[in-house]
Amino acid sequence: MSEPATTPDSNLLVADDVRKEFGGLIAVNDLEFTIPERSLVSLIGPNGAGKTTFFNMLTGLYRATSGTILFDGHDVTDKPPHAITKLGVGRTFQNIRLFPQMTAIENVLVGMHSRLKGGIVGSVLGLPRVRREEREARDKARELLQFAGLRRVDDELAESLAYGDQRRLEVARALATEPKLLLLDEPTAGMNPQETVTFMEFVARLREQRPLAILLIEHDMKVVMGISERVTVLDYGEKIAEGTPREIQTDERVIEAYLGKAATH
Amino acid sequence: MARRRDRARTSVRGYRDRAVRVSRLDAGAGHWRRLPRPVRTFTPVIALLAIATTYPFYLASLPSGNVPLIYSFPSVRSAVTILVFTTMAVGLNVVVGYCGLLDLGYVAFYAIGAYTGGWLASGQFQQVRFHFGSVGITHDARGIHISIWLVLLCAAALTAIGGILIGLPTLRLRGDYLAIVTLGFGEIIPQFVRNADSLHGFDLTHGTFGISPIDSPGFGNTVHRAVGLPVSYQQSFNADRLFFWTALVILLVTIFCCIRLRDSRLGRAWIAIREDETAAGAMGIPLMRTKTWAYAIGAFFGGAAGAYVASFNAGAFPSQFSFNISVFLLCMVILGGMGSIWGVVVAGVILSWLNVEGLANIGTWLNDNVFPSNHNIEVAKYQFGIYGVVIVLMMMFRPQGLIPERRRKRELEEGGHGTLDDGMYEMRGADEPGAGERGSPGGPSPRG
Amino acid sequence: MNLYKTPTDFFNVFLIGLTTGSVYALIALGYTLVYGILQLINFAHGDVFALTGLFASSLIANRFNLDENSGALVILGGLAAVFLIAMIFGAVVNATIELVAYRRLRSAPRLAVLITAVGMSFIVQNISLAVFDVNFRSVPPLISDANVFSIGGVHYNWQAFFVILVTAPVLVVLSWLVKNTRQGKAMRATSQDPEASAMMGINVNRTISFTFLLAGGLAGIGAVLFLVEFNIRYDTGFELGLIAFTAAVLGGIGNLTGAVLGAVLIGLIQAFNEGLSWFAPGSDWTRSIVFGLLIAILVFRPEGLLGERTPEGA
Numbered sequence: 455m456s457e458p459a460t461t462p463d464s465n466l467l468v469a470d471d472v473r474k475e476f477g478g479l480i481a482v483n484d485l486e487f488t489i490p491e492r493s494l495v496s497l498i499g500p501n502g503a504g505k506t507t508f509f510n511m512l513t514g515l516y517r518a519t520s521g522t523i524l525f526d527g528h529d530v531t532d533k534p535p536h537a538i539t540k541l542g543v544g545r546t547f548q549n550i551r552l553f554p555q556m557t558a559i560e561n562v563l564v565g566m567h568s569r570l571k572g573g574i575v576g577s578v579l580g581l582p583r584v585r586r587e588e589r590e591a592r593d594k595a596r597e598l599l600q601f602a603g604l605r606r607v608d609d610e611l612a613e614s615l616a617y618g619d620q621r622r623l624e625v626a627r628a629l630a631t632e633p634k635l636l637l638l639d640e641p642t643a644g645m646n647p648q649e650t651v652t653f654m655e656f657v658a659r660l661r662e663q664r665p666l667a668i669l670l671i672e673h674d675m676k677v678v679m680g681i682s683e684r685v686t687v688l689d690y691g692e693k694i695a696e697g698t699p700r701e702i703q704t705d706e707r708v709i710e711a712y713l714g715k716a717a718t719h
Numbered sequence: 010m011a012r013r014r015d016r017a018r019t020s021v022r023g024y025r026d027r028a029v030r031v032s033r034l035d036a037g038a039g040h041w042r043r044l045p046r047p048v049r050t051f052t053p054v055i056a057l058l059a060i061a062t063t064y065p066f067y068l069a070s071l072p073s074g075n076v077p078l079i080y081s082f083p084s085v086r087s088a089v090t091i092l093v094f095t096t097m098a099v100g101l102n103v104v105v106g107y108c109g110l111l112d113l114g115y116v117a118f119y120a121i122g123a124y125t126g127g128w129l130a131s132g133q134f135q136q137v138r139f140h141f142g143s144v145g146i147t148h149d150a151r152g153i154h155i156s157i158w159l160v161l162l163c164a165a166a167l168t169a170i171g172g173i174l175i176g177l178p179t180l181r182l183r184g185d186y187l188a189i190v191t192l193g194f195g196e197i198i199p200q201f202v203r204n205a206d207s208l209h210g211f212d213l214t215h216g217t218f219g220i221s222p223i224d225s226p227g228f229g230n231t232v233h234r235a236v237g238l239p240v241s242y243q244q245s246f247n248a249d250r251l252f253f254w255t256a257l258v259i260l261l262v263t264i265f266c267c268i269r270l271r272d273s274r275l276g277r278a279w280i281a282i283r284e285d286e287t288a289a290g291a292m293g294i295p296l297m298r299t300k301t302w303a304y305a306i307g308a309f310f311g312g313a314a315g316a317y318v319a320s321f322n323a324g325a326f327p328s329q330f331s332f333n334i335s336v337f338l339l340c341m342v343i344l345g346g347m348g349s350i351w352g353v354v355v356a357g358v359i360l361s362w363l364n365v366e367g368l369a370n371i372g373t374w375l376n377d378n379v380f381p382s383n384h385n386i387e388v389a390k391y392q393f394g395i396y397g398v399v400i401v402l403m404m405m406f407r408p409q410g411l412i413p414e415r416r417r418k419r420e421l422e423e424g425g426h427g428t429l430d431d432g433m434y435e436m437r438g439a440d441e442p443g444a445g446e447r448g449s450p451g452g453p454s455p456r457g
Numbered sequence: 005m006n007l008y009k010t011p012t013d014f015f016n017v018f019l020i021g022l023t024t025g026s027v028y029a030l031i032a033l034g035y036t037l038v039y040g041i042l043q044l045i046n047f048a049h050g051d052v053f054a055l056t057g058l059f060a061s062s063l064i065a066n067r068f069n070l071d072e073n074s075g076a077l078v079i080l081g082g083l084a085a086v087f088l089i090a091m092i093f094g095a096v097v098n099a100t101i102e103l104v105a106y107r108r109l110r111s112a113p114r115l116a117v118l119i120t121a122v123g124m125s126f127i128v129q130n131i132s133l134a135v136f137d138v139n140f141r142s143v144p145p146l147i148s149d150a151n152v153f154s155i156g157g158v159h160y161n162w163q164a165f166f167v168i169l170v171t172a173p174v175l176v177v178l179s180w181l182v183k184n185t186r187q188g189k190a191m192r193a194t195s196q197d198p199e200a201s202a203m204m205g206i207n208v209n210r211t212i213s214f215t216f217l218l219a220g221g222l223a224g225i226g227a228v229l230f231l232v233e234f235n236i237r238y239d240t241g242f243e244l245g246l247i248a249f250t251a252a253v254l255g256g257i258g259n260l261t262g263a264v265l266g267a268v269l270i271g272l273i274q275a276f277n278e279g280l281s282w283f284a285p286g287s288d289w290t291r292s293i294v295f296g297l298l299i300a301i302l303v304f305r306p307e308g309l310l311g312e313r314t315p316e317g318a
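So, in structure tokens, the structure goes:
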């Protein structure tokens with residue numbers, strides 16, 4: 455466990471003693487985790503270390519067995535996913551979960567759901583206010599698609615896009631929720647090295663142009679080390695190391711966790 | 010000369026001439042495709058509308074009595090029932106087709122709507138005397154008699170509230186449990202109306218006799234004197250036509266609302282829930298609230314249709330409501346294509362017609378012309394078996410329905426990458442633990 | 005009516021409930037077996053029960069010509085044969101449904117299979133209608149209605165006892181089958197994890213077929229027992245199916261003991277509802293009560309009495 459690098463006031467997310475048990479299995483074990491504002495931090499660890507479980511708790515998909523999670527000053531420990539998203543947490547999924555039968559632009563528009571106001575009556579009657587909101591939303595969605603590097607796929611069904619484009623679309627959709635914190639769950643899984651590089655350049659560009667914090671789960675060490683300000687390593691649901699990429703690379707416990715005891719000897 | 014023609018058939022020039030002829034057809038199609046999209050969408054709709062609206066006029070000139078297979082075209086009176094059932098199917102499509110909630114108890118909404126019509130426009134409640142805009146009722150008649158147009162709205166609203174109440178405890182259940190629970194409500198409510206003639210002495214639904222007569226729609230004397238609209242449908246000389254056109258209007262209004270909703274923020278939320286409930290929640294869509302809206306809207310139109318048909322039949326009777334009807338409507342949605350309004354309309358018309366008189370007619374025709382005279386087969390008796398076969402076959406071989414939802418159609422037009430069948434079966438189960446962690450079967454495969 | 009004031013009525017109704025509950029148990033087991041292995045509510049199961057019952061009744065009446073005048077040995081022999089044939093018939097019909105309809109949709113989303121099951125239910129019902137028409141069918145009273153015992157005012161006749169006599173050993177055999185045989189273990193393994201089972205060398209398709217055969221066989225036995233006291237029509241399967249399904253859910257869907265327990269409970273509830281005319285709503289309301297119970301269970305305690313709370317996902 456390490457002290458938060460910044461004062462508590464500028465921590466966007468504070469997870470305190472968070473635990474998740476599934477029956478007898480402890481997936482996340484009294485974890486303490488903070489994310490400073492506008493930072494880019496990574497969470498790594500061997501398979502089954504509890505990274506995605508933790509993600510799911512942050513986004514409300516799982517309810518923590520104990521502990522608290524504070525986001526932007528709000529207690530989100532028991533809040534449902536849509537409420538947490540509305541507060542400003544956006545995410546992508548480890549195995550892409552786009553809406554397959556919706557077009558790219560519709561996927562992004564769904565992301566905007568909590569930021570739009572159009573209701574039933576307004577939609578049915580076609581009130582000018584609602585029409586305008588829809589028009590503006592579509593323009594914004596197109597911009598997001600452009601920003602994510604997706605060209606001319608606006609009206610293509612999500613399921614027919616190339617894999618790399620699907621990953622970018624997921625990010626665009628998450629950005630549409632206007633997040634203060636963006637959670638990326640293994641976004642480069644399944645990409646070849648070149649695609650990975652382009653994608654991470656996109657993430658870097660994202661970082662510069664938008665005022666948000668990013669939490670990245672990754673397996674690819676090059677990706678993690680190249681871009682993160684801080685790296686946290688989980689193993690068996692516990693934090694075994696936290697620090698700058700350089701510090702983590704040489705940490706014995708980390709090497710041991712990934713490669714087994716033999717590797718350190 | 011002949012030899013020259015022969016040579017033309019095999020020569021390059023002959024080939025080119027044939028190609029030119031074919032390409033003229035192609036050019037025609039190309040011209041069609043080049044028309045602006047609104048024209049292309051609206052022309053068939055307007056044509057269909059014209060055909061439907063003028064039906065009572067040209068029905069007389071259609072052949073009748075010995076049309077092959079179907080024997081005769083439906084009467085205007087039958088057409089009213091057809092339109093009403095189709096309206097209900099469009100309502101069910103919102104719940105099942107857009108939002109992906111398997112509702113096996115839609116008949117409950119039909120019943121609530123019909124009985125609300127009975128309560129608000131008949132002599133059922135002899136304890137009071139309340140008139141408001143009703144037509145064709147003597148001034149001193151007891152009971153509640155409200156103008157049918159208002160009653161339609163009230164019934165729709167009440168049914169929507171009923172839908173919300175039913176939805177509250179049930180919409181958080183998983184898909185198959187939700188189906189069973191809706192089936193349960195679809196059984197409880199009809200059984201309730203069948204038996205609620207003595208609730209602590211109070212007669213709410215008049216038991217197995219049902220509520221009748223129910224008042225007629227109409228515009229009253231004042232409006233009649235002003236613009237000539239009919240005073241009271243049931244008492245008009247062309248009552249059937251009046252009911253028909255009003256039913257058509259109701260269907261069109263329902264279709265219009267559903268199209269508007271589908272393309273709205275709420276509609277997108279419904280479809281997102283259908284496609285991937287977990288991801289939808291993660292994108293900020295409040296799941297329970299959104300599903301409840303789907304239920305409420307579906308109930309709204311079901312209730313309106315139910316109240317209207319109660320007025321048309323001048324009565325609401327418990328024998329009209331059974332689980333079979335819920336499945337019957339579901340069959341329309343599946344045959345037409347879940348989420349596809351026009352598909353559901355077409356399937357609704359076909360299946361309702363079969364139910365009202367089509368199967369009986371086909372049976373008669375078959376018995377007269379095909380089957381030997383000593384083997385009389387009562388085709389209509391097997392209608393639910395036929396609907397069952399339709400459901401099973403559609404699910405196995407064409408789950409996207411006769412007229413797929415526009416999204417799938419776009420994929421087919423563009424020579425899309427997916428096959429006809431895979432899109433439907435890539436829906437993920439939202440209730441899997443470890444959402445986002447495990448791979449789901451049939452997820453998008455890496456391309457490129 | 006209660007235990008204190010009118011104990012004889014109470015016990016009589018109790019015994020009736022127990023007896024009906026036994027028949028329900030056989031059908032409920034069918035639902036729970038299939039749900040356990042496929043997570044599918046086999047809507048058509050009740051209708052398979054009805055079809056088998058109709059078939060059995062025509063066997064008894066027309067083929068075997070059994071009636072109350074036949075000799076005791078003839079009756080017993082005939083019934084034994086009918087049980088066997090009904091078991092096979094029910095098993096085959098049930099397994100055919102799986103082969104024809106559900107197998108193709110093994111990878112489809114659950115709702116698609118559920119919709120298909122509803123469609124199959126209607127198809128089977130219509131087959132019953134086509135072959136046996138709208139009439140109720142029953143069998144002549146083959147088992148005497150003399151009393152097995154009669155203590156105070158509490159009677160229990162042979163007809164009812166016969167149901168218990170048949171059901172009890174069937175349940176014992178089923179329990180042995182599931183616990184001790186290879187197929188039984190295969191069933192249990194497949195219901196927990198089909199992929200792992202396949203990797204362990206279990207033929208998943210064959211195991212699923214076996215489950216459907218078993219479920220159908222149980223329904224067949226239940227159908228004959230049902231005929232001893234009641235009559236069957238083409239649409240009897242719907243109501244009975246829902247009652248049995250509620251029983252399975254009440255006990256904990258997927259749990260065999262739970263299915264039996266739930267069935268007995270539902271049998272008792274129904275008996276008390278219909279038997280206590282001045283106290284309970286009465287048979288008009290049976291369906292509503294059973295459905296209300298089902299809804300309440302699913303909303304408040306979906307895992308039923310004996311089921312386990314699934315690990316919390318979302």
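Protein chains in written order, with our numbering: chain A, 455 to 719; chain B, 10 to 457; chain C, 5 to 318. Beta carbons: idealized from backbone N, C-alpha and C, even for Gly. The structure displayed is predicted, hence computed values, not measured ones.
Quiz prompt | chain C residues whose Cβ lies nearer than 8 Å to that of Q135 (chain B) | solution = Translated into the one-based positions of the second sequence, residue 135 (chain B) becomes position 126. Neighbours of Q135 (chain B) on chain C: none; closest Cβ ~24 Å, over 8 Å.
Self-check item: CB contact flag (S520 (chain A), E491 (chain A), <7 Å)
Solution: By one-based count along the first sequence, residue 520 (chain A) stands at place 66. By one-based count along the first sequence, residue 491 (chain A) stands at place 37. Contact: no.
Quiz item: So who's on the other strand from T522 (chain A), going by DSSP bridges?
Solution: Locating residue 522 (chain A) in the first sequence gives position 68, counting from the first residue. Answer is A:D470, bridged to T522 (chain A).
Quiz item: Should the stretch 110-119 of chain C be regarded as contacting the stretch 88-100 of chain C, the criterion being three or more beta carbon pairs within less than 8 Å?
Solution: no
Quiz item: Quick one: does V575 (chain A) have its CB under 7 Å from some CB of chain B?
Solution: Locating residue 575 (chain A) in the first sequence gives position 121, counting from the first residue. At a cut-off of 7 Å between C-beta atoms, V575 (chain A) does not count as an interface residue with respect to chain B.
Self-check item: Beta-bridge partners of L636 (chain A), as assigned by DSSP
Solution: The residue you call residue 636 (chain A) lines up with position 182 of the first sequence. In DSSP, L636 (chain A) forms a bridge with A:G544, A:I668.
Quiz item: Quick one: Cα of E423 (chain B) to Cα of R42 (chain B), how far?
Solution: Counted from its first residue, the second sequence places residue 423 (chain B) at position 414. Counted from its first residue, the second sequence places residue 42 (chain B) at position 33. Confidence is the limiting factor: at E423 (chain B) the pLDDT is only 46, short of 50, which leaves the residue's position unreliable and the question unanswerable from this model.
Practice problem: Inspect the CB distances between the stretch 290-310 of chain C and the stretch 257-269 of chain C and report whether three or more fall short of 8 Å. | Solution: yes
Practice problem: Show which residues of chain A have a CB atom less than 8 Å away from the CB atom of C266 (chain B). | Solution: Taking the first residue of the second sequence as position 1, residue 266 (chain B) is located at position 257. From the beta-carbon of C266 (chain B), the residues of chain A found nearer than 8 Å are V578.
Quiz item: Are H536 (chain A) and G109 (chain B) touching if we call contact CB-CB under 7 Å?
Solution: Position 82 of the first sequence, counted from the start, is the residue given in the question as residue 536 (chain A). Position 100 of the second sequence, counted from the start, is the residue given in the question as residue 109 (chain B). No.
Practice problem: State whether the stretch 618-631 of chain A contacts the stretch 685-694 of chain A, with contact taken as three or more CB pairs (one from each stretch) at a distance under 8 Å. | Solution: Proximity of the stretch 618-631 of chain A to the stretch 685-694 of chain A falls short of the contact definition, fewer than three beta-carbon pairs being nearer than 8 Å.
Self-check item: Span separating the alpha-carbon of G452 (chain B) from that of I550 (chain A)
Solution: Residue mapping note: residue 452 (chain B) aligns to position 443 of the second sequence, counting from 1. Residue mapping note: residue 550 (chain A) aligns to position 96 of the first sequence, counting from 1. Confidence is the limiting factor: at G452 (chain B) the pLDDT is only 32, short of 50, which leaves the residue's position unreliable and the question unanswerable from this model.
Quiz item: Taking one C-beta from the stretch 307-326 of chain B and one from the stretch 604-613 of chain A each time, how about it: are there three or more such pairs within less than 8 Å?
Solution: no
Quiz item: Comparing alpha-carbon positions, which option in B:R86, B:L296, B:A36 lies nearest L257 (chain B)?
Solution: Translated into the one-based positions of the second sequence, residue 257 (chain B) becomes position 248. Comparing Cα-Cα distances from L257 (chain B) to each of B:R86, B:L296, B:A36, the minimum goes to B:R86.
Exercise. Use the C-beta contact count for H209 (chain B): other C-beta atoms within 10 angstroms, 16 or more gives buried, fewer gives exposed.
Key: Residue 209 (chain B) sits at position 200 when you count from the first residue of the second sequence. Exposed is the call here.
Practice problem: Look up F487 (chain A) in the DSSP assignment and give the residues it is bridged to. | Solution: Position 33 of the first sequence, counted from the start, is the residue given in the question as residue 487 (chain A). According to DSSP, F487 (chain A) bridges with A:A469.
Practice problem: Give a yes or no on whether the C-beta atoms belonging to F224 (chain C) and M91 (chain C) are separated by under 7 Å. | Solution: As a working note, residue 224 (chain C) is residue 220 in the third sequence. As a working note, residue 91 (chain C) is residue 87 in the third sequence. Sequence check: residue 224 (chain C) is Gly here, not Phe. Cβ atoms of G224 (chain C) and M91 (chain C): closer than 7 Å.
Exercise. Over the uninterrupted beta strand (DSSP E) stretch that includes S154 (chain C), give me the two end residues.
Key: Residue numbering aside, residue 154 (chain C) sits at position 150 when the third sequence is read from its first letter. Unbroken beta strand (DSSP E) run through S154 (chain C): 151-155.
Exercise. Alpha carbon to alpha carbon, how far is A193 (chain C) from M203 (chain C)? Give it in angstroms, no decimals.
Key: As a working note, residue 203 (chain C) is residue 199 in the third sequence. As a working note, residue 193 (chain C) is residue 189 in the third sequence. Taking the straight line from one Cα to the other gives about 11 Å.
Practice problem: Please list the residues of the stretch 163-191 of chain B that have a C-beta atom closer than 8 Å to any C-beta atom in chain C, keeping them in chain order. | Solution: P178, T179, L182, G184, D185, Y186, A188, I189, V190
Quiz prompt | Test item: CB-CB of G315 (chain B) and Y119 (chain B) under 7 Å | solution = Against the second sequence, residue 315 (chain B) aligns to sequence position 306. Against the second sequence, residue 119 (chain B) aligns to sequence position 110. Yes, Cβ-Cβ distance for G315 (chain B) and Y119 (chain B) is below 7 Å.
Quiz item: Considering S292 (chain C), what are the terminal residues of the alpha helix (DSSP H) in which it resides?
Solution: Taking the first residue of the third sequence as position 1, residue 292 (chain C) is located at position 288. Taken as a continuous stretch (DSSP letters only), the alpha helix (DSSP H) holding S292 (chain C) covers 290-304.
Quiz item: For E692 (chain A), which residues of its own chain have a beta-carbon under 6 Å away from its beta-carbon, when the five flanking residues on both sides are left out?
Solution: As a working mapping, residue 692 (chain A) is identified with position 238 in the first sequence. Result list for E692 (chain A): N483, in chain order.
Practice problem: Establish whether the CB of Q648 (chain A) and some CB of chain B are separated by less than 7 Å. | Solution: The count along the first sequence starts at 1 and reaches residue 648 (chain A) at position 194. It does not; no Cβ of chain B falls within 7 Å.
Quiz item: DSSP puts L494 (chain A) in a beta bridge; with which residues?
Solution: Here residue 494 (chain A) refers to the residue found at position 40 when the first sequence is read from its first residue. Bridge partners of L494 (chain A): A:I668.
Exercise. Buried or exposed for P327 (chain B), please, with buried defined as at least 16 other CB atoms from any protein chain shown within 10 angstroms of its CB.
Key: For the purposes of this step, residue 327 (chain B) is identified with residue 318 of the second sequence, where counting begins at 1. Buried, by the Cβ-count rule.
Exercise. Could you tell me the boundaries of the beta strand (DSSP E) in which G324 (chain B) lies?
Key: Within the second sequence, numbered from 1, the residue matching residue 324 (chain B) stands at position 315. First-last for G324 (chain B): undefined, no H or E at that position.
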